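Below: one structure, written as structure tokens.
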Amino acid sequence: MERDRRHDSGGDGMSEAVRFLVLGLSIGFALGYTFEVLRDFFMERR
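Residue 90 is where the sequence shown starts when you use the numbering used here, and the numbers rise one by one after that.
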């Protein structure tokens with residue numbers, strides 16, 4: 090049921106690609122931000 094409804098909302102492959110892209114961007118941003126914070130933290134401690 091869930092699958093059919095999602096399929097009706099247009100472009101199955103397109104939505105998958107967009108969701109994957111957004112997920113990748115958010116993860117990359119989170120990792121980059123965390124890395125920056127950690128680097129600053131270790132720089133301060135030294």
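Using N, Cα and C, we set each Cβ at its ideal position, and we do this for glycine too.
Note that this is a predicted model, so its numbers are computed, not measured.
Between which residues of its own chain and residue 128 is the CB-CB distance below 7 angstroms, once the five residues before and five after are set aside? If you number the sequence shown from 1, residue 128 lands on position 39. Hits under 7 angstroms: none found.
Nearest-angstrom Cα separation, counted from residue 133 out to residue 106: For the purposes of this step, residue 106 is taken as residue 17 along the sequence shown, with counting starting at 1. For the purposes of this step, residue 133 is taken as residue 44 along the sequence shown, with counting starting at 1. Approximately 40 angstroms, taken between the alpha carbons.
Euclidean distance between Cα positions of residue 102 and residue 109: Residue 102 sits at position 13 when you count from the first residue of the sequence shown. Residue 109 sits at position 20 when you count from the first residue of the sequence shown. Cα-Cα distance, rounded: 11 angstroms.
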